[in-house]
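First to last, the protein sequences are chains R and D.
Read in order, the letters of the first sequence are residues 7 to 264 in my numbering.
Read in order, the letters of the second sequence are residues 7 to 216 in my numbering.
We treat Cβ as the ideally placed atom computed from N, Cα and C, and that holds for glycine.
None of the values given here were measured: they were computed from a predicted structure.
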Amino acid sequence: MAGASSAAPAAVEPVVLGAREGFWLDPRTKVAMLVCANVTLLASGYSPVGFALKSAAVAVAVALLAQAGRRAFAFGFSAAFLASLVLELLNEGVLLEALGATSPLAVLLRLVTAMVLSFLPGTVFAYYLFATTTVSEFVAAFERLRLPQKVIIPFAVVFRFFPTVLEEYRSIRDAMHLRGVGWRCGPVAMIEYRLVPLIVSLVKIGDELSAASVARGLGGEARRTSRCQVGFGAADIALAALMLALAAFTMTKGVLGW
Amino acid sequence: MEKATQQAPRGAKRQIEQKRGIGVRDLVTCAVFAVIYFVIFFACGCLGMIPIMAYLFPLPLALVSGISQMLFYTKVRSFGMVTIMGALMGLLTFLMGYGPIGLGFGIVCGLVADLILKAGGYRSVKAAIASHCVFSLWIVGTQLPMWIMTEAYFEPYRASQGDAYVDEMISLVSGGMLAADLAGIVVCALVGAFIGTKVLRKHFERAGIA
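Okay, structure coming up:
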């Protein structure tokens, strides 16, 4: 939504209008990559080829994150992934024998490694999408696809809302901490004194947001224009092709049953 | 006085606000409640780190989300809003890597919940409670890959660990567990919706947002 860039200046990087310097990806490319990555991660299985495919998708995610300046995050994620991969390979060989195949510890280990290997990388791609795209860019890119506003508006609002939720949650947590309401009071108190105020404040912010978006012409009959420049470049094509190839290879592998 | 405002130029704006169907305001409402639902989903999903809870985290989710859903239903006045919310949840979990089944379940459960709410004329508390029970079932769609994947995950171990081991692992997480999960979700959703109506009266109506 166009309203976000002025409403939350701390969370959104200012867009340099007209001059996109350096590496930049179109939001549509990022979404396509996310979908391809999820296909690759979920359908590639736990064979050596599957591990290679998963690692390739993870390598792309890590490179993109490092490029976006989230080096610590990229490093932590690749460490977790590599550790799980090693554990998984050890499972097959020695660990299962040592722990006893059906012991709770072995089952726990498997669940955790399966989570990190198949689910976490998809979440990391989603994080990249949210962290590096401004809401205006997002709306501009998807209006070009001629998606109806009923699809774009809720999604853009969700997009804009996550930083707000964090901010609100932190202030409510601090306020309740001051009054001595914490985990020790039990889950009921936590829900009543943290979730309920959070819901109230978010609903109020939502009301203001909808007033602001009506004022900005969302939901009107006229076609909106945007100052954000979106479009595909060489990097978009290369990365989309790479991820598509990974997903396509995974699908053919699944069909052929390697 | 009423007539004067209708004839004035401002009357045109009034008509836009009263236009039937889903407006921008409704779309923003859907999105806000989808985010709140997602926060609860995320908090309950963290419980999924405890092994058994990976299969049972929908229970606290159905319970706690009753609070936000009951408030959401007081704001639903036209058909389609709950479907959009379900689709949004499905889309978010799909983007997070829970697979496409969740997206289908989100849309279908949202649609059925919408129909129940419509049957109650958007005012009936009973319809809202039933609607929440059906809506809560969408989460099973995000879990199904886990059931399906379990087989894929343990099959390769057949050679090294023997058939008995693999069969035991698969039987641990299939069949009865899924049925228990579904029944548990409905019960927890009922309780959650009931709590939600209480919280609605105690907090939200007093705060003037219901």
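- It is roughly 32 Å from the alpha-carbon of D/Ile28 to the alpha-carbon of R/Phe131.
- The beta carbon of R/Ala49 lies closer than 6 Å to those of Thr256 and Gly260 in the same chain, with the five residues before and after it left out.
- Between D/Phe63 and D/Met95, the C-beta gap is not smaller than 8 Å, which leaves the two residues out of contact.
- As the crow flies, the alpha-carbon of D/Tyr79 is around 43 Å from that of R/Tyr52.
- With a contact defined as Cβ atoms closer than 8 Å, D/Ile122 and D/Ser137 qualify at about 4 Å.
- In the structure shown, R/Ser232 falls within a coil segment according to DSSP collapsed to helix, strand and coil.
- Residue contact with chain R for D/Arg31: present (Cβ-Cβ distance below 8 Å to some residue of chain R).
- In the DSSP annotation of this structure, D/Ser130 is not part of any alpha helix (DSSP H), being labelled neither H nor E.
- Under the 8 Å Cβ criterion, the stretch 26 to 39 of chain R counts as touching the stretch 232 to 246 of chain R, having at least three qualifying pairs.
- Residue state for R/Ser124 is assigned as helix, using DSSP reduced to three classes.
- Nearest in C-alpha terms to R/Leu208, of all of D/Val197, D/Ser74 and D/Pro66, is D/Ser74.
- From the beta-carbon of D/Ala40, the residues of chain R found nearer than 8 Å are Pro160 and Val164.
- Within the same chain, and ignoring the five residues on either side of R/Val37 in sequence, the residues whose Cβ sits closer than 8 Å to its Cβ are Leu135.
- Of the residues assessed, R/Arg190 falls on the exposed side of the cut-off, its CB having fewer than 16 other CB atoms within 10 angstroms.
- Chain R places no beta carbon closer than 8 Å to that of D/Gly51, leaving this residue out of the contacts.
- Secondary structure note for R/Phe57: its alpha helix (DSSP H) is the uninterrupted segment Pro54 to Gln73.
- Chain order gives the chain R residues near D/Cys36 as Pro160, where near means a beta carbon separation below 7 Å.
- Contact with chain R is found for D/Ala213, since one of that chain's Cβ atoms lies less than 8 Å from the residue's Cβ.
- Residue nearest to R/Val157 within the set D/Leu69, D/Ala134, D/Ala93 and D/Glu174 is D/Ala93 (criterion: CA-CA distance).
- In this structure D/Leu98 is buried. Its beta-carbon is surrounded by 16 or more other beta-carbon atoms within 10 angstroms.
- Inclusion of R/Arg34 and R/Ala147 in the CB contact set at 8 Å is warranted, their separation being smaller than that value.
- Between R/Phe168 and chain D, the shortest Cβ-Cβ separation is below 8 Å.
- Per DSSP, the unbroken alpha helix (DSSP H) holding R/Phe87 starts and ends at Arg77 to Leu96.
- The stretch 80 to 98 of chain R and the stretch 161 to 169 of chain R do not touch, with fewer than 3 CB-CB distances between them shorter than 8 Å.
- The three-state reading of DSSP puts D/Met102 in coil, since its state is none of H, G, I, E or B.
- Close to R/Lys156, with beta-carbon spacing below 9 Å, are these residues of chain D in chain order: Ile28, Leu33, Gly86 and Ile90.
- Close to D/His209, with beta-carbon spacing below 9 Å, are these residues of chain R in chain order: Glu198, Val202, Pro203, Ile205 and Val206.
- At least one beta carbon of chain D lies nearer than 8 Å to the beta carbon of R/Leu224.
- Residue burial annotation: R/Pro54 is exposed, with fewer than 16 other C-beta atoms found within 10 angstroms of its C-beta.
- Of all residues in the stretch 132 to 155 of chain R, only Ala132 place a beta-carbon less than 7 Å from a beta-carbon of chain D.
- Exposure of D/Lys204 is indicated by the presence of fewer than 16 other C-beta atoms within 10 angstroms of its C-beta.
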